[in-house]
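Numbering (my numbering), first residue to last: 161 to 410. Each residue gets a CB set at the ideal place from its N, CA and C atoms; glycine is no exception. Let me begin by presenting the structure, written as structure tokens, before commenting on it.
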């Protein structure tokens, strides 16, 4: 069963609590835009407490390193991989200005961090498409970071350092307005393009949206195939989409 927009949003709602209003609006716009493109995403992290940030910082570090960073009340986890260089109060997550995301299967059950996945079979990596939309909205992508590659991470800093945020500074209206304007532009484009969108159903169940171009309807091949119990594999070398039914696979 393919998720509705309301069902998809509900899965991320707990992680949207506490985000700065402009970031919350931008995240919802990102999710909705990707949903329309048949790329459902899940927000896995949002606002993070100082304690939770310090616990993440402890991963991959010794107790001596943690104490040298001025952190107390946290146990080192040198057996794990380093996931962040930011201790509590030094991450944009601590101020509601950052989120982490993952890809979701159309049924909403399987979560994926596969950077090469092409779930909507449009010959583009889903992850790249999400990042492209996010950057248009004004997000900075953790995959571009030099100190640590953080592909699931998106943040809006508005030019503020974490030191300024710790001092109580917040984004000004003049800084957030361009983000809202970009959201309005994207939502208007979606509204105009919606005239060419059609609902695709398999056996009465909605599995996604297609695009009507003259007399030709383009449907999401992966979603249609999986709804019929078939599998889809895209061969990038031959530019071929291979659909295999259950009987043929035996």
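Beta carbon of residue i nearer than 8 Å to that of residue j
i           : j           : result
residue 259 : residue 206 : yes
residue 201 : residue 264 : yes
residue 367 : residue 193 : no
residue 187 : residue 340 : no
residue 326 : residue 249 : yes
residue 168 : residue 268 : yes
residue 387 : residue 403 : no
residue 338 : residue 180 : no
residue 231 : residue 214 : yes
residue 208 : residue 251 : yes
residue 212 : residue 234 : no
Distance between beta carbons of residue j and residue i, contact taken as under 8 Å
i           : j           : result
residue 286 : residue 199 : 5 Å
residue 359 : residue 347 : With 8 Å as the limit, residue 359 and residue 347 do not qualify as a contact, their Cβ atoms being about 20 Å apart.
residue 316 : residue 257 : 5 Å
residue 342 : residue 298 : 6 Å
residue 240 : residue 220 : 5 Å
residue 289 : residue 382 : About 14 Å separates the two Cβ atoms, so there is no contact after all.
residue 254 : residue 210 : 6 Å
Proximal residues to residue i (C-beta, below 6 Å), its chain only, five neighbours per side dropped
i           : result
residue 204 : 260 and 262
residue 229 : 247
residue 336 : 182
residue 393 : 402
residue 307 : 245
residue 379 : 360 and 370
Collapsed DSSP secondary structure at residue i in the structure displayed
i           : result
residue 255 : helix
residue 201 : strand
residue 177 : coil
residue 114 : Past the boundaries of the shown model lies residue 114; the chain is included only from 161 to 410, so the question cannot be answered.
residue 379 : coil
residue 340 : helix
residue 402 : strand
residue 223 : helix
residue 359 : strand
residue 260 : strand
residue 183 : helix
residue 290 : helix
residue 392 : strand
residue 365 : strand
residue 243 : coil
residue 284 : coil
residue 351 : helix
residue 237 : strand
Other residues of its chain near residue i: CB distance less than 8 Å, five sequence neighbours each side excluded
i           : result
residue 222 : 236 and 238
residue 277 : 263, 285, 286 and 287
residue 406 : 389 and 390
Cβ-based neighbour list, residue i, same chain, cut-off 7 Å, excluding 5 preceding and 5 following
i           : result
residue 294 : 190, 301 and 314
residue 184 : 176
residue 195 : 165 and 168
residue 384 : 360, 362 and 367
residue 489 : The chain is shown only over 161 to 410; residue 489 falls outside these bounds and no answer can be derived.
*asked:* Suppose only complete runs of 3+ residues qualify. What are the beta strand (DSSP E) ranges in the region 292–322, listed by chain order?
replied: Within the region 292–322, the complete beta strand (DSSP E) runs of at least 3 residues are 313–315.
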